[in-house]
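Number of protein chains: 4
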Amino acid sequence: MEYRLLIDTTDEIGLVYKISQVLFNHNLNIENNAEYVDKEENKFFMRTVITGDFDNEKLLNDIKKILPLNATIKLTPNGKKDIVILATKEAHCLGDILIRYVSGDLNANIKAVIANHNHLKDLVEKFGIEFICVSHEALSREEHEQYMMNEIDKFNPELIVLAKYMRILNDTFVKHYHKTILNIHHSFLPAFIGANPYKQAFKRGVKIIGATAHYVTDDLDEGPIISQDIVRIDHTYSWQTMRDAGRNVEKIVLSNALNLLLEDKVFIYGNKTVIL
Amino acid sequence: MEYRLLIDTTDEIGLVYKISQVLFNHNLNIENNAEYVDKEENKFFMRTVITGDFDNEKLLNDIKKILPLNATIKLTPNGKKDIVILATKEAHCLGDILIRYVSGDLNANIKAVIANHNHLKDLVEKFGIEFICVSHEALSREEHEQYMMNEIDKFNPELIVLAKYMRILNDTFVKHYHKTILNIHHSFLPAFIGANPYKQAFKRGVKIIGATAHYVTDDLDEGPIISQDIVRIDHTYSWQTMRDAGRNVEKIVLSNALNLLLEDKVFIYGNKTVIL
Amino acid sequence: MEYRLLIDTTDEIGLVYKISQVLFNHNLNIENNAEYVDKEENKFFMRTVITGDFDNEKLLNDIKKILPLNATIKLTPNGKKDIVILATKEAHCLGDILIRYVSGDLNANIKAVIANHNHLKDLVEKFGIEFICVSHEALSREEHEQYMMNEIDKFNPELIVLAKYMRILNDTFVKHYHKTILNIHHSFLPAFIGANPYKQAFKRGVKIIGATAHYVTDDLDEGPIISQDIVRIDHTYSWQTMRDAGRNVEKIVLSNALNLLLEDKVFIYGNKTVIL
Amino acid sequence: MEYRLLIDTTDEIGLVYKISQVLFNHNLNIENNAEYVDKEENKFFMRTVITGDFDNEKLLNDIKKILPLNATIKLTPNGKKDIVILATKEAHCLGDILIRYVSGDLNANIKAVIANHNHLKDLVEKFGIEFICVSHEALSREEHEQYMMNEIDKFNPELIVLAKYMRILNDTFVKHYHKTILNIHHSFLPAFIGANPYKQAFKRGVKIIGATAHYVTDDLDEGPIISQDIVRIDHTYSWQTMRDAGRNVEKIVLSNALNLLLEDKVFIYGNKTVIL
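Protein chains in written order, with the numbering used here: chain A, 1 to 276; chain B, 1 to 276; chain C, 1 to 276; chain D, 1 to 276.
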């Protein structure tokens, strides 16, 4: 079986030597290896894909011994991760993920799609996936999020994908799912933070629009960026045709970021990401 | 109701004046107008979106009178066009079109999906669209195409979309559907013409791969190009991961080209296109 | 001789007809024509390249007669425009323009380069172009700008190009050169407005950086955008290597925008541009 | 002082461990490290930037001992490399390099520019760089190349940059400068191999054009690709305006590839490159 060894630690002289020594002693095959050192911040990141006949616990222990105390070490199988998708009314991002799913191109189990409207129910159920509507009507933001969390927690997902979930999230929610929420923002962040970015972009007369996939941490649209892309526009675009052009970018950027997360290639690092 | 007036003719002094005079006399509103003159080839193209209370036949006649004899003039409503999609086994291009269709983002009626394998039957029927399998097994290319044509002709489509239909088409087929076949080729044409472009690209060690949407005319992968796009790759890509990255480009390029055709924005011009 | 006829007016039914009639009656050849109508704002823009043996003044008068009173009409020869370049210390944008100039690829006469430092003197004088240093030391912003304006006005330029001129401009200066100042901003506006955009971008952890060429109107970095482009980066970039990558984009975007202005292709339109 | 350790070898289990052990024992600081393993071809590439107080020869010997016999090992200081530029008549690529050079942005000493025409003499000499014209008139290709080689060899360059040198090179020349010739080809290879790619692209009606920087090995335009980029065009482009748009891409791609070579980031690998 194939595993991914993920290390995130302060840097020290000899780290690569010490880690590779442990791997060598455990008689592993290294299928793929990438590391990144930020000399200025004194940080070390490593992602190694290993195969072979080894004892997981012993390997982790041996690595732990030679790393700084504050090191984060993970050993994850490269199988499918359980995910839950949150959506509202728009189908393009969700639909792109569903088509990948049904084609066998998505390395994940979609446990459920949870939305605050019923618009996408038919689409989701076509694919044999559970659809749950948690309407926000007549509820405070806190109450609604609590209901959402109750539903999400039933599936114990490793990753929550906001596929155009058009609600602002509170601290309680974000902290509950620390480092497991992926969002697509419909602009080239940090331009046009907040609501109606296409209207903002139209008003500003930009010649390029974009989309940004990012982790959701505390602040709105301020989490660590994972992936961005753009599309060129011109004066003939209305904000609606800008939105239509933007949707292509949104779904590709979200799916690319989702793939990176499913492959454990993204390390969070302050308000940034390192992608190995 | 909104109409598109499409003119393709040899150029003459005063053409814009004469055409705009007719439109003015018919008391039309011009919602949008674009023209292109190729001085070297002495060609004139015009696409005008008009509204108002006018007599279609009289308008066409009046325009015909003031244009050169070889002019092609079309007046088409901006409603939905009937299309038939041809596919083989891959779902990404077809799926992208289906999601747009079900979201109401596609200005077309999908009359049927016809494939030479059964792989996509389930996906297509989820969307309530007729799926027809015309297997090519035990048939000559000519026989198979004849069966395909029989099925296609039942729907009398204005446009045939090859959404990764992996069969070479003969002259008889191509001529029968003159200027109505849209194909997506999985490379940045004219690089890597023919089979297995991703394997070719991998072998050549390119740093960028692309996709090309084009009309199918006589020669394989040689028809007028409508749209192209690219994605950057590097030495870490195998031909399989190049293909996965390429699929994102393929589906976006095909859908963009399809939209251009559905909006009557593409003029064929020798082996090229003018897009207005 | 070739002229460009530029019209910017409120829209009316029959405008194209009336204008093309005047052109037809003057027996002109239309080499190239582009127009744009914004139905929502009721605005009409047209750029027509004409040749032939005509009387400029009479042509302008005849057009004026058939246009709304508030119309702006210009008839400009397609020859070289006089420009003045403002710079500070960085050579990449200025150098790119100089190489185009010496290669005969720039449709402009560079009358002078004026800078607030002496760093670029040697480079500019290599090309036989006058270099003027107007140091800002010991001067108020107003005084310095007055000295700059005195120098600029000697050359009576049709266009002022800020090729990384790193000083904020006051209202007096901007109004004095209304609609004739082109700036390159080293970010993908409206992201990272203001000082040190590369440091801002580094801190935010973006995956794409860009550059924006825009007219300078009143507010800092808020003028109508003419051209934008981007380059992809990743976590391995420091703000310095981001800046180096960004310089390639800056110079290309500035030169592209400069070419558009030299060809009279850019119409200002509120805080936006229409490019025909 | 900073050195780059470059290793190119067949892969073996434990390579990273053994190499990092040697580096650790020599008490080096690793400023930056990147490796790539091609499991299918069983190849291992590594580029490590090291600082510290070490004995170069001893370090190389110790590494040699633990690597397979066929390994290529290089230890190069990160200082300026000597380069010679070959050109013909066009200034854009050469000019871009010269501006970087004079700005201090090029990590190289330009020893000379050698051309088969005199057009660029003035430009080159502005920058205080030796210009040598070796006309090909009345010479056979072999004779001309022999004269070129005589001139080039006087400068003993580590790298030869073909900045739009529009002559086909023979085997003798290419073999003499094995793995040290960088070329810019004015198309998105492998599309439009050979002469007049912009005319070919115009004729084919493509919607994107590109440029390719590659090593020159034996066959015309067939060497390992280092860098590629593209620019979008449309039906309004003539082959001349396509060429103008293409020049921007050519110069950026060439300069980017040149930087990669000056930083020893490019490994040749069959007909491909690995960039670390």
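Think of the CB as a built atom: it goes at the ideal place given N, C-alpha and C, for glycine as much as any other residue.
From a predicted model like this one, the values you see are computed outputs, not experimental measurements.
7 Å Cβ cut-off: residues of chain C touching residue i
i	result
residue 31(B)	39
residue 228(A)	206, 207 and 208
residue 7(D)	By Cβ distance, chain C contributes nothing, its closest Cβ being about 20 Å from residue 7(D), past 7 Å.
Exposure of residue i, with buried meaning 16 or more beta-carbon neighbours within 10 Å
i	result
residue 178(B)	exposed
residue 46(B)	buried
residue 68(B)	exposed
residue 51(D)	exposed
residue 1(C)	exposed
residue 125(C)	exposed
residue 137(D)	exposed
residue 240(C)	exposed
residue 168(B)	exposed
residue 270(C)	exposed
residue 65(D)	exposed
residue 190(C)	buried
Within chain A, the residues that residue i reaches when beta carbons sit closer than 9 Å
i	result
residue 102(B)	91, 95, 122, 123 and 126
residue 311(B)	This structure leaves residue 311(B) out entirely; chain B is present only between 1 and 276.
residue 27(B)	By Cβ distance, chain A contributes nothing, its closest Cβ being about 25 Å from residue 27(B), past 9 Å.
residue 129(B)	In chain order: nothing, as chain A lies at least about 12 Å away.
Neighbouring residues, chain A, relative to residue i (Cβ below 7 Å)
i	result
residue 14(D)	24
residue 248(B)	252
residue 35(D)	33
Proximal residues to residue i (C-beta, below 6 Å), its chain only, five neighbours per side dropped
i	result
residue 197(C)	186 and 187
residue 108(D)	80, 81, 83 and 262
residue 267(A)	8, 45 and 274
residue 35(A)	46
residue 26(B)	54 and 59
residue 72(B)	8
residue 144(C)	136
residue 62(C)	22
heavy atom of the ligand FAD below 7 Å from residue i C-beta
i	result
residue 213(C)	This structure lacks the ligand FAD, and indeed carries no ligand of any kind.
Member of the options whose CA lies at the smallest distance from the CA of residue i
i	options	result
residue 163(B)	144(B), 153(B) and 87(B)	87(B)
residue 244(B)	192(A), 208(A), 201(A) and 103(A)	103(A)
residue 117(B)	247(B), 50(B), 216(B) and 166(B)	166(B)
residue 32(D)	142(C), 236(C) and 8(C)	236(C)
residue 128(A)	110(A), 25(A) and 54(A)	110(A)
residue 194(A)	24(A), 61(A) and 211(A)	211(A)
residue 206(A)	63(A), 161(A) and 233(A)	233(A)
residue 248(B)	264(B), 62(B), 228(B) and 61(B)	228(B)
residue 147(D)	14(D), 160(D) and 114(D)	114(D)
residue 41(A)	62(A), 14(A), 17(A) and 10(A)	10(A)
residue 140(B)	226(B), 170(B) and 253(B)	170(B)
residue 226(C)	259(C), 204(C) and 242(C)	259(C)
Cβ shell of residue i (< 8 Å), same chain only, five flanking positions each side left out
i	result
residue 278(C)	Shown here, chain C extends from 1 to 276; a query on residue 278(C) therefore has no answer.
residue 123(C)	91, 94, 95 and 98
residue 100(A)	106 and 255
residue 265(B)	47, 275 and 276
Inter-residue CB distance, residue i and residue j (contact presumed, cutoff 8 Å)
i	j	result
residue 202(D)	residue 238(D)	7 Å
residue 230(D)	residue 208(B)	7 Å
residue 134(C)	residue 183(C)	Not quite, the Cβ-Cβ distance comes to about 18 Å (not below 8 Å), so this is no contact.
Under 8 Å from the C-beta of residue i: neighbouring residues of chain B
i	result
residue 17(C)	17, 20, 21, 23 and 24
residue 178(D)	Chain B residues near residue 178(D): none, gap ~18 Å exceeds 8 Å.
residue 225(D)	204, 205, 206 and 207
Per-residue contacts from residue i into chain D (C-beta, under 8 Å)
i	result
residue 191(B)	188, 189, 190 and 191
residue 144(B)	Simply none; closest approach about 30 Å.
residue 110(C)	What residue 110(C) touches in chain D: nothing, since even the nearest Cβ is about 15 Å away.
Contact set for residue i: own chain, Cβ-Cβ below 7 Å, skip 5 residues either direction
i	result
residue 12(C)	68
residue 200(A)	192
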